[in-house]
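2 protein chains.
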Amino acid sequence: MRRQITGLSNPTVKYLRSLREKKHRKREQRFLAEGLRLLTDARECGHVPQVLVMAADRDPHPLLNALELAVDQTGGEVIETTPDVLAKITGKDNPQAVAGVFAEFDTSLASLPRESAQIWLVAQALRDPGNLGTMLRTGDAVGAGGLILIDDCADPFSVEAVRASMGAVFTQRIAQARWEDFHPWLRAGPGQLVAASLRDAQPYRGAPYAAPCFIMVGNESRGLPEEYEMACDLRVTMPMRGRADSLNAAVAAAVLAYEVLDKLES
Amino acid sequence: MRRQITGLSNPTVKYLRSLREKKHRKREQRFLAEGLRLLTDARECGHVPQVLVMAADRDPHPLLNALELAVDQTGGEVIETTPDVLAKITGKDNPQAVAGVFAEFDTSLASLPRESAQIWLVAQALRDPGNLGTMLRTGDAVGAGGLILIDDCADPFSVEAVRASMGAVFTQRIAQARWEDFHPWLRAGPGQLVAASLRDAQPYRGAPYAAPCFIMVGNESRGLPEEYEMACDLRVTMPMRGRADSLNAAVAAAVLAYEVLDKLES
């Protein structure tokens, strides 16, 4: 039993489209993700969509069947629609043949299992959802536990961030906190706070990293507030051989995370 | 003598706006860049805009004065307009107070001074202008000579790529070529071609990098064609500790470039 929807003005389509806006996501505590591979990653990590939307002209695929079955078994809804409607929902000209609506996760700091991983990424006031998704993806690659978002960051559940994460939004833990809450939480247990910084910093290569290592990068334009940097256990800097004195925030986090991974594993 | 433009339907405004589209940029051989810092970087690298567009309500700034002077001295045009018109030209809701029109650079491979740098970045079929700009920015940071774009990549002169490059579009050399032209060019002189790869690859840490080292990453979805990887002198891989087996292309290039930089300098 599949519900068919064809009209762009259908209330369900309007509802699904509304999840592209942060205020609606917050109200509904739900978000959108698209693509068979991403939805399959989600399912394999135990996240089954509450609503599955498929293009009526899709090619058959065993993974899609598995997804449908999982949605049925968990009491979710399956909707068939046109590529046009899917494009409208995801805001993408060439939508993938499938999209899902997921319940947002718990992003409280309190539930973060800090000793379950050697590396955690921390972003402060990160504004670009692409950078945020890229950090989640990098976190997955280095085996980080997750990404902690400090102060006013982009929404990790935006379509852009979910897309850029390439599924890591489902494998990485995500926490959201103000600095005033994060800092005491960090200091209440084991954890080394490391900032990518230009202030009073040592070379990032061979610095004395220790697990669990919290790697923090700052806002794309302003970097980290000085007070935050000074609260770190280590401030490290990457060589800058050119005219500029900075890297893209997600790039800086990745270069640093791979160095930390190398040191912690050797 | 400043030309004042206020109307959105002014032909000059329409012309400047048209440079946001690739076909118009190609026809005119000109591109747009915005922001005082970026335009100042450009000027200091010898690139003065042919047309400088400033918001009439801008704050005075000595660097802006220097920019105006340079434009006057090189026979360029200075236009004053409203923030609305600037927003229309740059396609940004909160435009910076200044934008410039530049002549596109020579992007032929033949003119690339390969021995002037230890590192060159190479991107194949890179589709995302943000990734492209980020690679330019990373190239600047590691002291690379420039970025070589193989096959059908995003346009390095798009507003998005220029913005993401944070000025590195003016400091890095850019070349565009098909693989059929790039590969013979590379082999006609010194140069080690290194691919970030999962096929028959060795660990990226401690691999025998040699200058000039050409670091190549592939398309965001498909990676590099196997034939291209097999033509490399080295295939290296980064640890993947998570579910996914890939990194963002610009991130992979950066992690690799910093490793190469470390090895070549030590």
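Chains as they are written, first to last, in numbering that gives the first Met the number 0: chain A, 0 to 265; chain B, 0 to 265.
Note that beta-carbon positions come from the ideal geometry of N, C-alpha and C, so glycine has one too.
Everything numeric in this text was worked out from a predicted model, so none of it was measured.
At which residue ranges does the stretch 158-207 of chain A contain complete beta strand (DSSP E) runs of 3 or more residues, listed in the order of the chain? 172-176, 191-195
Could you tell me whether the Cβ atoms of F169 (chain A) and A256 (chain A) are closer together than 8 Å? Numbered from its first residue, the first sequence carries residue 169 (chain A) at position 170. Numbered from its first residue, the first sequence carries residue 256 (chain A) at position 257. Contact flag unset, no.
How many angstroms separate the CA atom of I118 (chain B) from the CA atom of R26 (chain A)? On the second sequence, residue 118 (chain B) is found 119 positions in, with the first residue counted as 1. On the first sequence, residue 26 (chain A) is found 27 positions in, with the first residue counted as 1. For I118 (chain B) and R26 (chain A), the distance between alpha carbons rounds to 49 Å.
To the nearest angstrom, how far is the alpha carbon of L37 (chain A) from that of G99 (chain A)? Working through the first sequence from its first residue, we reach residue 37 (chain A) at position 38. Working through the first sequence from its first residue, we reach residue 99 (chain A) at position 100. So the alpha carbons of these two residues sit roughly 10 Å apart.
Check each residue of the stretch 228-239 of chain A: if its Cβ is closer than 7 Å to any Cβ of chain B, include it; give the result in chain order. M237, P238, M239
I want to know whether the stretch 133-140 of chain B touches the stretch 14-23 of chain B - three or more CB-CB distances under 8 Å. no
I believe V121 (chain B) touches M53 (chain B) by the beta-carbon criterion, under 8 Å. Please report the beta-carbon distance rounded to the nearest angstrom. Sequence index remark: in the second sequence, residue 121 (chain B) carries index 122 (1-based). Sequence index remark: in the second sequence, residue 53 (chain B) carries index 54 (1-based). Actually they do not touch by this definition, with Cβ atoms about 37 Å apart.
Do you know whose CA, among A:I147, A:A32, A:V259, A:S107, lies nearest G205 (chain A)'s CA? Within the first sequence, residue 205 (chain A) is the residue found at index 206, counting from 1. Of the candidates A:I147, A:A32, A:V259, A:S107, the one whose C-alpha sits nearest the C-alpha of G205 (chain A) is A:V259.
List the residues of chain B whose Cβ lies closer than 8 Å to the Cβ of V141 (chain A), in chain order. Position 142 of the first sequence, counted from the first residue, corresponds to residue 141 (chain A). Per Cβ cutoff of 8 Å: P238, R240, G241.
I'd like to check one pair, V47 (chain A) with T80 (chain A): are the Cβ atoms closer than 8 Å? Sequence index remark: in the first sequence, residue 80 (chain A) carries index 81 (1-based). Sequence index remark: in the first sequence, residue 47 (chain A) carries index 48 (1-based). It is not a contact, given that the beta carbons lie outside the stated cut-off.
For A167 (chain A), decide whether its Cβ has a neighbour in chain B, counting only Cβ atoms nearer than 8 Å. What you label residue 167 (chain A) is simply residue 168 of the first sequence in a count that begins at 1. Closer than 8 Å to some Cβ of chain B, the Cβ of A167 (chain A) qualifies, so yes.
Of all the options B:L197, B:V216, B:R162, which has the alpha carbon lying nearest to the alpha carbon of K91 (chain B)? Residue mapping note: residue 91 (chain B) aligns to position 92 of the second sequence, counting from 1. Here the closest residue by C-alpha is B:R162.
Measuring alpha carbon to alpha carbon, tell me which of B:L192, B:L135, B:L18 ends up nearest P269 (chain B). Because chain B in this structure spans residues 0 to 265, residue 269 (chain B) falls outside the shown range and cannot be described.
Decide yes or no for the touch test of the stretch 124-132 of chain B against the stretch 148-165 of chain B: beta carbon pairs closer than 8 Å, at least 3 of them. yes
Give me whichever residues DSSP pairs with F101 (chain A) in a beta bridge. Locating residue 101 (chain A) in the first sequence gives position 102, counting from the first residue. Answer by DSSP bridge pairing, in chain order: A:F30.
If we cut at 8 Å on Cβ distances, does V158 (chain A) have a partner in chain B? Numbered from 1 along the first sequence, position 159 holds the residue referred to as residue 158 (chain A). Chain B, which has no Cβ nearer than 8 Å to the Cβ of V158 (chain A), makes this no.
Three-state secondary structure (DSSP) at A64 (chain B)? Translated into the one-based positions of the second sequence, residue 64 (chain B) becomes position 65. With the sequence shown as reference, residue 64 (chain B) is identified as Asn, and Ala is not the correct amino acid for it. Here N64 (chain B) sits in helix by DSSP.
Residue environment, D261 (chain A), which counts as buried when at least 16 other CB atoms sit within 10 Å: Residue mapping note: residue 261 (chain A) aligns to position 262 of the first sequence, counting from 1. By the neighbour-count rule (16 or more Cβ atoms within 10 Å), D261 (chain A) is buried.
Excluding the 5 residues flanking Q201 (chain A) on each side, which residues of the same chain have their C-beta closer than 8 Å to its C-beta? As a working mapping, residue 201 (chain A) is identified with position 202 in the first sequence. Same-chain partners within the cutoff: L233, R234, V235, T236.
Test item: CB-CB of A248 (chain B) and L125 (chain B) under 8 Å: Stepping through the second sequence from its first residue, residue 248 (chain B) is reached at position 249. Stepping through the second sequence from its first residue, residue 125 (chain B) is reached at position 126. Cβ distance < 8 Å, so A248 (chain B) and L125 (chain B) count as in contact.
What are the boundary residues of the beta strand (DSSP E) that Q80 (chain A) is part of? Looking up residue 80 (chain A) in the first sequence gives position 81. Looking at the sequence provided, one finds Thr at residue 80 (chain A) rather than Gln. Counting along the chain, the beta strand (DSSP E) containing T80 (chain A) begins and ends at 76-80.
By DSSP's criteria, G222 (chain A) is part of a beta bridge. Which residues make up the other side? Translated into the one-based positions of the first sequence, residue 222 (chain A) becomes position 223. G222 (chain A) pairs with A:N218.
Run through DSSP, which three-state label would Q123 (chain B) get? Taking the second sequence and counting its residues from 1, the one referred to as residue 123 (chain B) is at position 124. Three-state result, Q123 (chain B): strand.
For the candidate residues B:F213, B:G222, B:T5, B:D199, whose alpha-carbon lies nearest to that of H182 (chain B)? Along the second sequence, one-based indexing puts residue 182 (chain B) at 183. Looking at the Cα atoms, B:F213 is the closest of the given residues.
Chain B partners of D261 (chain A), CB-CB under 7 Å? Against the first sequence, residue 261 (chain A) aligns to sequence position 262. Going along chain B in sequence order, the residues near D261 (chain A) (Cβ under 7 Å) are R204.
Beta-bridge partners of M293 (chain A), as assigned by DSSP: The question about residue 293 (chain A) has no answer here: the residues shown for chain A are numbered 0 through 265.
Nearest-angstrom Cβ-Cβ length linking Q49 (chain A) and G75 (chain A), presumed shorter than 8 Å: Reading the first sequence from its first residue, position 50 is the one you call residue 49 (chain A). Reading the first sequence from its first residue, position 76 is the one you call residue 75 (chain A). Going by Cβ atoms, the distance from Q49 (chain A) to G75 (chain A) rounds to 5 Å, so yes, they are a contact pair.
Which of helix, strand or coil does DSSP assign to R240 (chain A)? Position 241 of the first sequence, counted from the start, is the residue given in the question as residue 240 (chain A). Of the three classes helix, strand and coil, the one that applies to R240 (chain A) here is coil, per DSSP.
Own chain, CB closer than 7 Å to Q171 (chain B), minus 5 neighbours either side, in chain order: The residue labelled residue 171 (chain B) in the question sits at position 172 within the second sequence. Closer than 7 Å at Cβ, skipping near neighbours: L135, G138, D139, A143, G145, L146.
Does T106 (chain B) get closer than 8 Å to chain A when you measure Cβ to Cβ? As a first step, residue 106 (chain B) must be located in the second sequence, where it is residue number 107. Not closer than 8 Å to any Cβ of chain A, the Cβ of T106 (chain B) fails to qualify, so no.
Check whether chain B comes within 8 Å of T133 (chain A), counting only Cβ atoms and requiring the distance to be less than that. By 1-based counting over the first sequence, the position of residue 133 (chain A) is 134. So, interface residue.
Look up L7 (chain A) in the DSSP assignment and say whether it is helix, strand or coil. Within the first sequence, the letter at position 8 stands for residue 7 (chain A). Coil at L7 (chain A), not helix or strand.
Check the DSSP bridge columns for F213 (chain B) and list the partner residues they point to. Locating residue 213 (chain B) in the second sequence gives position 214, where the first residue counts as 1. Paired residue(s): B:W119, B:L192.
Mind listing the chain B neighbours of L246 (chain A)? Cutoff is C-beta to C-beta under 8 Å, in chain order. Position 247 of the first sequence, counted from the first residue, corresponds to residue 246 (chain A). Simply R136, T137, A140, A253.
By the three-class DSSP mapping on this structure, what secondary structure does V250 (chain B) have? Numbered from its first residue, the second sequence carries residue 250 (chain B) at position 251. In the structure shown, V250 (chain B) sits in a helix (DSSP, three-state: H, G or I).
Output yes if chain A places a C-beta closer than 8 Å to the C-beta of G222 (chain B); else output no. Position 223 of the second sequence holds residue 222 (chain B). No, because no Cβ of chain A sits closer than 8 Å to the Cβ of G222 (chain B).
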